[in-house]
Amino acid sequence: MTSEMWLERARAVLAPNLVSSATIKQRLRSTSGLEAALVSPPLDSHPVRTIHSAKGLEFAAVCVVMTSNKTKKIFAHLETGEGTQDSAEDARKIYVAASRAKRLLVIAVPKNSARKLEALLASHDCKTQRHDVV
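In our numbering, each number is its position in the sequence shown, counted from 1, plus 888.
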């Protein structure tokens, strides 16, 4: 599956839930069947895992979803080196998740954080391609 096919599939799955002002965290809480999807994904899909359960494994493609609150705390920690132990731990968890990807890493952040993430990655010579989900 190419990255474009993967992106289109992700958009198709997300489309029914996008007409809302709810945050990512609120959407995750209100998504019925999420627990079942995490326990036994369809055979033709990529596995959905927690960061802890993916530790030590590798996947062709990885999608990391970050909430507004976590994104702000992690950015503050990465930019200043300051913050709580929780924000440092959250940054390490995102590193673990991101380092599981062999070929494609997708990081889903709220729109108001997308430019900041793009700039942060570019400052470390990371190739990025931004796709806004509308």
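Cβ atoms here follow ideal geometry from the backbone N, Cα and C, with glycine treated the same way.
These figures come from a predicted structure and were not determined experimentally.
Is DSSP giving Val-994 helix, strand or coil here? strand
Starting from the Cα of Ser-941, find the closest Cα among Arg-988, Leu-992 and Leu-993 and give me that residue. Arg-988
Could you tell me which residues DSSP pairs with Cys-1014 in its beta bridges? DSSP lists no partner for Cys-1014.
Keeping to the same chain, check which residues put their C-beta closer than 7 angstroms to that of Tyr-983; ignore five residues upstream and five downstream. none
Flag this pair as yes or no: are the beta carbons of Val-952 and Ala-996 separated by less than 8 angstroms? yes
Please determine, among Lys-981, Glu-967 and Asp-978, the residue with the shortest C-alpha to C-alpha distance to Leu-1009. Glu-967
Thinking just about the alpha-carbon of each residue, which of Ala-986, Thr-955 and Thr-972 is nearest to the one in Leu-945? Ala-986
How big is the Cα-Cα spacing for Lys-990 and Thr-972? 31 angstroms
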